[in-house]
Each structure stands twice: as structure tokens, then as C-alpha cells.
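Down below is the structure, laid out as C-alpha cells.
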Amino acid sequence: MTTTTPQVPTVRPPASGIGSRARKARKALTSPWASTLAIVIAVLWTVPTVGLLVTSFRPELDIRTSGWWTVFGDAFAGEGVFSLRNYETALYGSSTNMIEFFVNSFVVTLPAVFIPITIALLAAYGFAWIDFKGRDILFIAVFALQVVPIQITLVPLLSAYVDLGINGTFWTIWLSHSIFALPLAIFLLHNFMKDVPRSLVEAARVDGAGHVKIFFQVMMPLLTPAIAAFAIFQFLWVWNDLLVALVMGDLRTFPLTVRIAELAGSRGGDWHVLSAGAFISMVVPVIVFLALQRYFVRGMLAGAVKG
Amino acid sequence: MRIQKFGGRRRGLALAAGVASTALVLGACADTEDGSGGDGGDVEAFEIDCSAYEEFGDLEGTTVSVYTTIVEPEAETQQASYEPFEECTGVEVEYEASREMEAQLPVRVQAGNPPDIAILPQPGLLNTLVTEYDAVLPAPESVEANVDEFWEPVWKEYGTVDGTFYAAPLGSNVKSFVWYSPSMFADAGYEVPETWDDLLTLTETIAGETEGAAKPWCAGIESGDATGWPATDWIEDMVLRSAGPDVYDQWVNHEIPFDDPAIVESFDMAGEILKNPDYVNGGLGGVDSIATASWTDAGYPILEGNCWMHRAANFYATQWPEGTEVGPEGDVYAFYLPAETTDEKPVLVAGEFIAAFTDRPEVEAFQTYLSSSDWANAKAVATPAGGWVSANLGLDPENLATDFDQLTVETLQDPATVSRFDGSDLMPAAVGTDSFWSGMTEWFASDRSTERVTSDIEQSWP
Numbered sequence: 001m002t003t004t005t006p007q008v009p010t011v012r013p014p015a016s017g018i019g020s021r022a023r024k025a026r027k028a029l030t031s032p033w034a035s036t037l038a039i040v041i042a043v044l045w046t047v048p049t050v051g052l053l054v055t056s057f058r059p060e061l062d063i064r065t066s067g068w069w070t071v072f073g074d075a076f077a078g079e080g081v082f083s084l085r086n087y088e089t090a091l092y093g094s095s096t097n098m099i100e101f102f103v104n105s106f107v108v109t110l111p112a113v114f115i116p117i118t119i120a121l122l123a124a125y126g127f128a129w130i131d132f133k134g135r136d137i138l139f140i141a142v143f144a145l146q147v148v149p150i151q152i153t154l155v156p157l158l159s160a161y162v163d164l165g166i167n168g169t170f171w172t173i174w175l176s177h178s179i180f181a182l183p184l185a186i187f188l189l190h191n192f193m194k195d196v197p198r199s200l201v202e203a204a205r206v207d208g209a210g211h212v213k214i215f216f217q218v219m220m221p222l223l224t225p226a227i228a229a230f231a232i233f234q235f236l237w238v239w240n241d242l243l244v245a246l247v248m249g250d251l252r253t254f255p256l257t258v259r260i261a262e263l264a265g266s267r268g269g270d271w272h273v274l275s276a277g278a279f280i281s282m283v284v285p286v287i288v289f290l291a292l293q294r295y296f297v298r299g300m301l302a303g304a305v306k307g
Numbered sequence: 001m002r003i004q005k006f007g008g009r010r011r012g013l014a015l016a017a018g019v020a021s022t023a024l025v026l027g028a029c030a031d032t033e034d035g036s037g038g039d040g041g042d043v044e045a046f047e048i049d050c051s052a053y054e055e056f057g058d059l060e061g062t063t064v065s066v067y068t069t070i071v072e073p074e075a076e077t078q079q080a081s082y083e084p085f086e087e088c089t090g091v092e093v094e095y096e097a098s099r100e101m102e103a104q105l106p107v108r109v110q111a112g113n114p115p116d117i118a119i120l121p122q123p124g125l126l127n128t129l130v131t132e133y134d135a136v137l138p139a140p141e142s143v144e145a146n147v148d149e150f151w152e153p154v155w156k157e158y159g160t161v162d163g164t165f166y167a168a169p170l171g172s173n174v175k176s177f178v179w180y181s182p183s184m185f186a187d188a189g190y191e192v193p194e195t196w197d198d199l200l201t202l203t204e205t206i207a208g209e210t211e212g213a214a215k216p217w218c219a220g221i222e223s224g225d226a227t228g229w230p231a232t233d234w235i236e237d238m239v240l241r242s243a244g245p246d247v248y249d250q251w252v253n254h255e256i257p258f259d260d261p262a263i264v265e266s267f268d269m270a271g272e273i274l275k276n277p278d279y280v281n282g283g284l285g286g287v288d289s290i291a292t293a294s295w296t297d298a299g300y301p302i303l304e305g306n307c308w309m310h311r312a313a314n315f316y317a318t319q320w321p322e323g324t325e326v327g328p329e330g331d332v333y334a335f336y337l338p339a340e341t342t343d344e345k346p347v348l349v350a351g352e353f354i355a356a357f358t359d360r361p362e363v364e365a366f367q368t369y370l371s372s373s374d375w376a377n378a379k380a381v382a383t384p385a386g387g388w389v390s391a392n393l394g395l396d397p398e399n400l401a402t403d404f405d406q407l408t409v410e411t412l413q414d415p416a417t418v419s420r421f422d423g424s425d426l427m428p429a430a431v432g433t434d435s436f437w438s439g440m441t442e443w444f445a446s447d448r449s450t451e452r453v454t455s456d457i458e459q460s461w462p
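These protein sequence lines are chains A and B, in that order. Residue numbers for the first sequence follow UniProt numbering, so the first one is 1 and each next one is one higher. Residue numbers for the second sequence follow UniProt numbering, so the first one is 1 and each next one is one higher.
Structure below.
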């Protein structure tokens, strides 16, 4: 019990620090000009999405012959026509059911989020709290890997998978996403871990905790927002990814994005279905984002404070 | 602080569990889905003679993978056309279609993971695969025999690189068509023109008799990152008509420069219609609207009576909005884009080719099937809605579903027909899929002169 008491003051100052900054920010942002600007920006950013949503409910010929904004005039005149036809076509309009691609998206995304976070946590802990020879060089090397564009790795990676004989399985996609995510994940989590006061770790060590215990009992609870923030990033990236899925995957592993890219048809003539497809694919990321958004904001703040 | 965090974590776990259980439920759905994952069984299958595939031995239980650009909904009829072969031999054909196939195929080839068979949408890609990656296998004898029997020699040439025959042609497109409304023509007392001069006279007559937004012609060349290609077809058709097939071949092979006077003349022939504000762009705007109108919708003004004629390929038949009747008595139909005289019949065509990357017996057997007349007829029977043809001479027009498809294939099989492959598909990529497209777009959008456009394209020739 006595060990927990000194924690209270160490945790509180940053909280009140954020509070005072927030107050200052609120004061600075409550000018009517700032509010107007914020609203204008918000509207501007939302208009394309609203347009897409409206379009997705319009009949094919309307989409092709007039703009989505005309529906408001038509609706006022009592002539607005809406239909679910596009959604029906997108969901059931082919011999392959979209549900299969939905499942594939989950099967691809969950491990592709879980694997890099697990490895990055361990690596970040090592880089932050274990002294070993060449640590800084190695850390810089990992960090520097971020500058490698993934496009140039596609062909070598794929031929490596073919040589290994794991081509055509989900492993190629999980591994690829993990490889591409790790440098940033290690760097971010390392910064968060470094942020934990040294005294806390030393206190735990004095009490006889080893690395394993420190990792699980001290670090993990403090890192939840950071992990959640990175998990959202990675989830959105993998869920929306088309390139890796297309190059590394095959028929059995294609996620939703691949199916949606095909919706337009061989010659691009069915593009009116794309708006509905986009909203079907958007549902899951929106749910995930809304469910985890407070971690997202907290995680961003934590990163910002670190600088 | 700490309690809050634990609470947060638990919620996170609950969410994760929720997601996982949703995934499980969805997974269960997918399993049942797999069981019934058959294909359009309501389509009557075509009967073929199985003995042709006995020479390849027992193929029961083997698999052939096919990689193609033909996605839904055309993919369904494509797969259905493989069924007679699958029933004969017991081979399972694994069909994979992607709109990104042209970019993906070289990646897979380089990584040592090519499909067994790829359906190439144009000969340019075959050329790249052969010369740069040395990946395509020469066609087996049985395939070559089929192609010699069922195809005009000119088609075999398109599948040949440096004297070696690699790829047999598959489906074909015919681009030299003009879409119109038969009832509008009948009401106004117009006849389908037989020669180029007739067409120009008709255009002038229509322009004189119509008012308001209605114009004789409508056109649109917007097509995402391929914007401009429909206009290249226009030009190619004009070169075939004004300069003739021989000059066309020289032009495509760059034996004459792109800005040769004969080609400039062809541009101006197209411009006579397309750049005349009195003749275009029915229901869509002025001349510059040609550059921004989507090619998929550019013919729709015909349905509203704002446009009289729209030059587009045979596959435009499937682009009309649902419920549009395509036929000699229907809402829309097409006539052959006339040549200078009725004696000549140049036709601009395009098509797919099959390239093989592995030489297992089942792959050769499948290649043989695809190059045979059996396949062409099976595909015709499996496509009840129409919109597909092949220049395969063994294709019985009776098997085709629509009047229009029959017209298309008769145009192809007509002995007077001189067919030439879409030139932009044969030119180097820097021209055929780049400067030619952008040059045509500028020609309309900024009213750039023919001389400048053609000399710019000539400059870009590698």
C-alpha cells in the first residue's frame, strides 16, 4: 500500500498540466471567428462523404445523369427517388457472396493488428529498458526502416514467400502487414515506454520484480492508451489496404477491398455501385473508431506531450 | 486512475470479444455459403465432343488456374463456358479475375508465382511478358492447329512475337459501329448510311432539321485514368477509311511518323464531325464536353432524343441502362460505320489472348479447348443476355443470343471484311496508353490543333 501512495502526486501533475492547457486552448478557440472557421472546415470535409452517401441511395440512371445535390430540389418538389438497389447489387449482385470477403477482412485484419503490437511491445521494452551493446545503433536501424517504401519490397517478398511455400495462405498477408507496421510500432511504443518515470521501474526492481513482472505489471497498464491508439491506426490501415491484399493474397484470402475494387465491372461501366460498396466497407472502421476514439485522442496527446 | 484504466481495458476486451463473435457468426454463414457455391445452373450447357481431350491422358482431379481482367458480371458466363471442358476431363478451373491484372501479372511472373493461364486483354502485354520476362510458353501444337483452322491468319499474327506463336485469340470486340435509335430514324425518314459521304450528308441533314440541345452526334471519352481511349478508336477507324489498311499497318509499326500527312488527314476527317459545334455534342454540351463526358454514359442522350448517332464498340450494348431494348425494332441498335465506298469494309477489332506459363498436360488440354470452336460456341450458349462475340470462324451465329451479336459476328466473318487490331493496343505503352490518350483529350478539351497534337505524340514515340 505504501508504494502506491507516492504514485498519486507523480500521476496528477501531468493531468492538471493537460487541464490548464485545455483551458488555455478553450479560451483561445472560443473566439467566434475560430468557431466559424471550425464549422466551415467541418462542413467542407463532410460534404464529399454526404454526397457519396446520398449517391449510394439513388437509382442508377439518376446517378449517371444528374448530380447528387439535385435530390434536395427533387425531394422538395416531391419527386425524390431513393432505392436500396445499389446496396442489393453490391451485396448480392454476383456469384460470390460479399459475406465471404467480410469474413476474410476480419481474418486478415485481426492477426495483422495483434502480431505487430505483440512483437513491438516486447521490442520496445527491450530498447527502452534493457541495456545491451549496440542498442542505439539497432534502434536507429529499425527506425530507419520506415523510409523503405513498401512498393519496392513487394516482388522480393513475394518471391521469398513462394520459395518458403507459404504462398496463397493468410500467413503471407499477416507477415507482410506485420513487417510493414513494425518499425513505426516499435518507435511509437518505445517513446511511450521511455516516458514512464525511471523511479517507477526502479522501485519495482527494488521490490524484486524482474523484467517480465515489470513489463506486465508496470508497463502494460500505463501503455493501454498507446496500444489502443496504435491498434486503431493499424486496424484502419489493414482494413482499407488493397495493395498488399492484391499482391500477396490470392482467391482464398482476398478481403473486402478487393471485392469493392471489382464492383465497377470489367470496363468500369458499373461505377454507380461503388458508392454503396464504399459504405458497406466503411461500417466496421466507423464502429471501431467510435468505440476506441477516446484512446485515440489520449494516445495522440501523449505522443504530442512527449514531442 | 487505476480503476478507470482497468474499466477501460475491460470494455476494450468486451469489444474485442464482440468483434470476434461477430466474425464467428459471419464465418458460420460463409461455411453454408460455400456448400451452395455453384454457378448459374439454369443456363443450358453446350455439348462438346470429349474425345479431343483423350490424348492428354487422365486429367481427373487436376486444377488449372486462370488469371484474367474479366470480372463480374461477365465472369459468370466466362466460367460457365468452361463447364463442358470440366465435365469431359474432370479438370477443375480456378478462375481469378482482377481489374488490376495487367499490373499484377508481371509482379507474379517476377516473383515466380505465375498463373497457369492468363487471358491477356491486348497483344502489347504479351509482347512485354515475352521480351522482358521470357515467361510465356510457346503455344502447343494442338493449339496452333486450332488457330490455323478457326482464325483468320491476321489474328494469329497478333499472338506471335518475333516469329514464335504464343497466344491464341479468345473473345473479340468490334469497334466500328454507330449506335442510333431505329424509331427516331424511321419517324424522321432517315436511312442508315452506306458510305462515308452518305453519313456526312445525313449528319448535315439532321443538323439542319433539329433544334435546341439535340445534335446529330454525341461522344464522350472520359474513362478514369484511361481517359482518351474512345477517341483513339475514332482516329483508328478514320485512318482505316481514309488511308487504308496498309498505311494503318505502317502507322502502327511506326514505319511512317505519327504526324504523317495521311494521319493528319484522318484526324481532320474525325474532326469534321467531332469538332464541329453544329454536329456535337447532343445533349451533353459543346465540343469540349467530349473530353469530360463519361464514355459509359455518352450514348444515353440517344434515349432522350437529344442525340442521333454515337460511335462505340459492340460491347457498348451492355452499357445501356437496364430496360433498354437493343435490337432492329428496339430502343437502340447499331450500324456499321461506313467506309468511303461499299466495296471495302475495314473493321477495327480488339480481343483477348490466352498465354500459358506452365506446360502440364491439363494446362495444354485447357488451352486447346479455349482455342477451339467448341469453346466459342459454348461461350455463346452460356451468354444468354448477349454482348459477347468471337472472330472464331467456327462460331455458329445461331448460337448467339441477340440480333446485335449476330450482326457483329457476321461483320467479322464477312469475306469482304478487312480487320485491323486496335492500334493503340499495339503501339508502345508510352504512346498507346499515354500520349495518344492525353493528346486526344487535349484535342477536344483545349481545341488544340491537329498538327500540334500529332507532332506531340510523334515526339513521345520511344
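Where is the CB? At the ideal position from N, CA and C, for every residue including glycine. A quick note: this is a predicted structure, and the numbers were derived from the prediction, not measured.
Please specify which runs of the alpha helix (DSSP H), each continuous and at least 4 residues long, are wholly inside the region 167 to 197 of chain A, giving them in chain order.
-> 170 to 195
E100 of chain B: contacting residues in chain A (beta-carbon distance under 8 Å) = One-based indexing of the second sequence puts residue 100 of chain B at position 100. Per Cβ cutoff of 8 Å: L246 and A261.
How is the beta strand (DSSP E) around L170 of chain B delimited, first residue to last?
-> Indexing the second sequence from 1 puts residue 170 of chain B at position 170. Taken as a continuous stretch (DSSP letters only), the beta strand (DSSP E) holding L170 of chain B covers A168 to V174.
Taking T296 of chain B as the query, report the chain A residues whose CB atoms sit under 9 Å from its CB, ordered along the chain.
-> Numbered from 1 along the second sequence, position 296 holds the residue referred to as residue 296 of chain B. By Cβ distance, chain A contributes R64, R267, G268, G269, D270 and W271.
Bridge partner(s) assigned by DSSP for A355 of chain B | Sequence index remark: in the second sequence, residue 355 of chain B carries index 355 (1-based). A355 of chain B is bridged to B:A118.
Could you please give me the residues that DSSP links to S105 of chain A through a beta bridge?
-> Residue mapping note: residue 105 of chain A aligns to position 105 of the first sequence, counting from 1. Note: S105 of chain A sits in no beta bridge, so no partner.
Length-filtered (4 minimum) alpha helix (DSSP H) runs lying within the region 255 to 303 of chain B | 261 to 274 and 289 to 292
In chain B, what lies closer than 7 Å to L182 of chain A by C-beta?
-> Mapped onto the first sequence, residue 182 of chain A falls at position 182. Within 7 Å of the CB of L182 of chain A, no CB atom of chain B is found; the nearest one sits about 21 Å away.
Please check if any C-beta of chain A sits within less than 9 Å of the C-beta of G351 of chain B.
-> Translated into the one-based positions of the second sequence, residue 351 of chain B becomes position 351. Not one chain A Cβ lies under 9 Å of G351 of chain B.
Using the rule of at least 16 other Cβ atoms within 10 Å of the residue's Cβ for burial, across every protein chain shown, is K175 of chain B buried or exposed?
-> Locating residue 175 of chain B in the second sequence gives position 175, counting from the first residue. K175 of chain B should be labelled buried.
In terms of residues, what are the limits of the beta strand (DSSP E) holding P84 of chain B?
-> For this step, residue 84 of chain B is matched to residue 84 along the second sequence. Careful: P84 of chain B lies outside any beta strand (DSSP E), inside the alpha helix (DSSP H) at E83 to T89.
Would you list, in chain order, the members of the region 154 to 175 of chain A that have their beta-carbon closer than 7 Å to a beta-carbon of chain B?
-> L154, V155, L158, S159, V162 and N167
Residues from the region 91 to 104 of chain A in contact with chain B, defined by Cβ distance under 8 Å = G93, S94, S95, T96, N97, I99, E100, F102 and V103
Which residues does DSSP pair with M184 of chain B in a beta bridge?
-> For the purposes of this step, residue 184 of chain B is taken as residue 184 along the second sequence, with counting starting at 1. According to DSSP, M184 of chain B bridges with nothing at all.
What alpha helix (DSSP H) runs, 4 residues minimum, are completely inside the region 229 to 298 of chain A?
-> Correct list: 243 to 248 and 256 to 262.
Check whether the Cβ atoms of T441 of chain B and A298 of chain B sit closer than 9 Å, and answer yes or no.
-> In the second sequence, the residue the question calls residue 441 of chain B occupies position 441. In the second sequence, the residue the question calls residue 298 of chain B occupies position 298. Not a contact, by the Cβ cut-off of 9 Å.
Please compile the residues from chain A whose C-beta is within a distance smaller than 7 Å of the C-beta of G224 of chain B.
-> Counting from one through the second sequence, the residue named residue 224 of chain B turns up at place 224. Per Cβ cutoff of 7 Å: G268.
Presumed contact (8 Å Cβ cut-off) between I260 of chain A and G277 of chain A, rounded CB distance | Counted from its first residue, the first sequence places residue 260 of chain A at position 260. Counted from its first residue, the first sequence places residue 277 of chain A at position 277. That belief holds up - the Cβ atoms of I260 of chain A and G277 of chain A are roughly 4 Å apart, short of 8 Å.
Could you round the C-beta distance between A185 of chain A and F235 of chain A to whole angstroms and report it? I think they count as a contact, below 8 Å.
-> As a position in the first sequence, residue 185 of chain A is number 185, starting the count at 1. As a position in the first sequence, residue 235 of chain A is number 235, starting the count at 1. The Cβ separation is near 13 Å, so there is no contact.
Mind checking if V22 of chain A is an interface residue toward chain B, Cβ cutoff 9 Å exclusive?
-> Residue 22 of chain A sits at position 22 when you count from the first residue of the first sequence. Correcting the residue type first, residue 22 of chain A is Ala in the shown sequence and not Val. Taking Cβ atoms only, chain B never reaches closer than 9 Å to A22 of chain A, which makes this a no.
Measure the alpha-carbon distance for E94 of chain B versus T454 of chain B and round it to whole angstroms.
-> As a working mapping, residue 94 of chain B is identified with position 94 in the second sequence. As a working mapping, residue 454 of chain B is identified with position 454 in the second sequence. Each residue's alpha carbon lies about 44 Å from the other.
Can you grab the Cα-Cα spacing for the pair L164 of chain A / L154 of chain A, in whole Å?
-> Working through the first sequence from its first residue, we reach residue 164 of chain A at position 164. Working through the first sequence from its first residue, we reach residue 154 of chain A at position 154. So the two alpha carbons sit approximately 15 Å from each other.
Determine which residues of the region 59 to 83 of chain A have a Cβ less than 8 Å from any Cβ of chain B, and write them out in chain order.
-> Within the region 59 to 83 of chain A, the qualifying residues are E60, L61, R64 and T65.
Between D112 of chain B and chain A, is there a C-beta pair that is closer than 9 Å?
-> Taking the first residue of the second sequence as position 1, residue 112 of chain B is located at position 112. The residue asked about is misnamed: residue 112 of chain B is Gly in this sequence, not Asp. Taking 9 Å as the threshold, the shortest C-beta distance from G112 of chain B to chain A falls below it.
On a CA-only basis, which of B:E47, B:E100, B:Q110 and B:A103 is nearest E86 of chain B? Give me that one, please.
-> The residue labelled residue 86 of chain B in the question sits at position 86 within the second sequence. Cα-wise, what sits closest to E86 of chain B is B:E47.
For the alpha helix (DSSP H) holding R452 of chain B, just list the boundary residues, first then last.
-> Residue numbering aside, residue 452 of chain B sits at position 452 when the second sequence is read from its first letter. Residues T450 to S460.
When the Cα atoms are used, what is the spatial distance from Y161 of chain A to L110 of chain A?
-> By one-based count along the first sequence, residue 161 of chain A stands at place 161. By one-based count along the first sequence, residue 110 of chain A stands at place 110. Approximately 21 Å between the Cα atoms of the pair.
Does D195 of chain A come within less than 9 Å of chain B when only Cβ atoms are used?
-> Your numbering for residue 195 of chain A matches position 195 in the first sequence. It does not: the Cβ of D195 of chain A has no partner Cβ on chain B nearer than 9 Å.
Name the two residues that bound the continuous alpha helix (DSSP H) containing M309 of chain B.
-> Position 309 of the second sequence, counted from the start, is the residue given in the question as residue 309 of chain B. Taken as a continuous stretch (DSSP letters only), M309 of chain B belongs to no alpha helix (DSSP H), being part of the beta strand (DSSP E) at C307 to R311.
What residue does the beta strand (DSSP E) around T68 of chain B start on, and which one ends it?
-> Here the question's residue 68 of chain B lines up with position 68 in the second sequence. Segment T63 to T68, the beta strand (DSSP E) holding T68 of chain B.
Selection from B:P261, B:P182, B:E451 and B:A97 that minimises the alpha carbon distance to E74 of chain B = As a working mapping, residue 74 of chain B is identified with position 74 in the second sequence. Here the closest residue by C-alpha is B:A97.
How would you label L292 of chain A, buried or exposed, when you count the other beta carbons within 10 angstroms and need 16 or more for buried?
-> For the purposes of this step, residue 292 of chain A is taken as the residue at position 292 of the first sequence. With 16 or more Cβ atoms within 10 Å of its Cβ, L292 of chain A is classed as buried.
Chain A residues whose Cβ lies nearer than 8 Å to that of F315 of chain B | Start at 1 with the first residue of the second sequence, and residue 315 of chain B comes out as number 315. Going along chain A in sequence order, the residues near F315 of chain B (Cβ under 8 Å) are R267.
Alpha-carbon to alpha-carbon, E76 of chain B and E272 of chain B | Position 272 of the second sequence, counted from the start, is the residue given in the question as residue 272 of chain B. Position 76 of the second sequence, counted from the start, is the residue given in the question as residue 76 of chain B. Cα to Cα, E272 of chain B sits roughly 42 Å from E76 of chain B.
So does the region 340 to 360 of chain B actually touch the region 415 to 430 of chain B, counting three or more Cβ pairs closer than 8 Å?
-> yes
Can you tell me where the beta strand (DSSP E) with P384 of chain B in it begins and where it stops?
-> What you label residue 384 of chain B is simply residue 384 of the second sequence in a count that begins at 1. Taken as a continuous stretch (DSSP letters only), P384 of chain B belongs to no beta strand (DSSP E), as it is neither H nor E.
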